[in-house]
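Going letter by letter, the sequence shown gives residues 133 to 289 in this note's numbering.
All C-beta atoms in this analysis are idealised placements derived from N, C-alpha and C, irrespective of residue type, glycine included.
In what follows, a structure is listed as structure tokens, so that the remarks can point back to it.
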Amino acid sequence: MSWTQTFDRTLPLLGHRNWILVVDKAYPSQSAPGIITIDTREPLPAVLEHVKDALAAAPHVRPCYYLDRELDFINDALAPGAEAYRREMARLLEGAPTQTLLHDSVFAKLDQASKLFTVVVLKTESTLAYSSVFIELDCAYWSADREKALRARMGQE
133 MSWTQTFDRT
143 LPLLGHRNWI
153 LVVDKAYPSQ
163 SAPGIITIDT
173 REPLPAVLEH
183 VKDALAAAPH
193 VRPCYYLDRE
203 LDFINDALAP
213 GAEAYRREMA
223 RLLEGAPTQT
233 LLHDSVFAKL
243 DQASKLFTVV
253 VLKTESTLAY
263 SSVFIELDCA
273 YWSADREKAL
283 RARMGQE
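What follows is the structure in structure tokens.
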């Protein structure tokens, strides 16, 4: 089975608080039981494009994308291809909710999430440092504002 088939079969099982990571080749294999790793053997932008399209078509989840803040400070002198990669990410993620976080901050979030929730790791052929894209899933049909209103009605603000 191809990685796309595996991912497409897994996506309907994911929901609020799950994560999808599209990572570079050196991303470490993690031992937490909630982590599923799939080796795509494809370039990171192609994998991200498939994931983004699949998420856009999914009625149950809404993605928030995180990029490593360190990538903003890497130029072609430090890592050839970094500037073109940043332009490609800007194109792919245009209009999508995107934040940058320090790499270690993302790992802290993932450590917490993987204790209770599934994290899908899609390894790519990218060999650019800090090029990974971390996607936190939220519920597509229930917002934070609705949750706050519900809690207020319940007297549990």
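- Taken through DSSP and simplified to helix, strand or coil, R201 comes out as helix.
- DSSP places L176 in the uninterrupted alpha helix (DSSP H) bounded by L176 to A189.
- Per the Cβ contact rule, the segment 160 to 180 is in contact with the segment 251 to 269 (3 or more Cβ pairs under 8 angstroms).
- Counting only residues of its own chain and dropping the five nearest sequence neighbours on each side, E215 has a CB closer than 7 angstroms to the CB of N207 and D208.
- About 5 angstroms separates the CB atoms of I170 and W135; that is less than 8 angstroms, so the two are in contact.
- Taking C-beta atoms as the reference points, K157 and T259 count as a pair closer than 7 angstroms.
- Ranked by Cα distance from R223, the options W151, K184 and Q288 are led by K184.
- DSSP places F266 in no alpha helix (DSSP H) but in the uninterrupted beta strand (DSSP E) bounded by V265 to C271.
- For D171, the enclosing beta strand (DSSP E) has its first and last residue at I167 to D171.
- Judged by beta-carbon spacing, Y159 lies beyond the 7 angstroms limit of E202, meaning their Cβ atoms are not closer than that value.
- About 5 angstroms separates the beta carbon of P229 from that of C196, a gap short enough to meet the 8 angstroms contact definition.
- DSSP places T230 in the strand class (E or B) of the three-state scheme.
- According to DSSP, residue pairing for R218 in a beta bridge does not occur.
- A276 sits exposed, since fewer than 16 C-beta atoms from the chains shown fall within 10 Å of its C-beta.
- For W274, no alpha helix (DSSP H) run applies, since DSSP gives it neither H nor E.
- In this chain, K157 is not harboured by any alpha helix (DSSP H), its DSSP state being neither H nor E.
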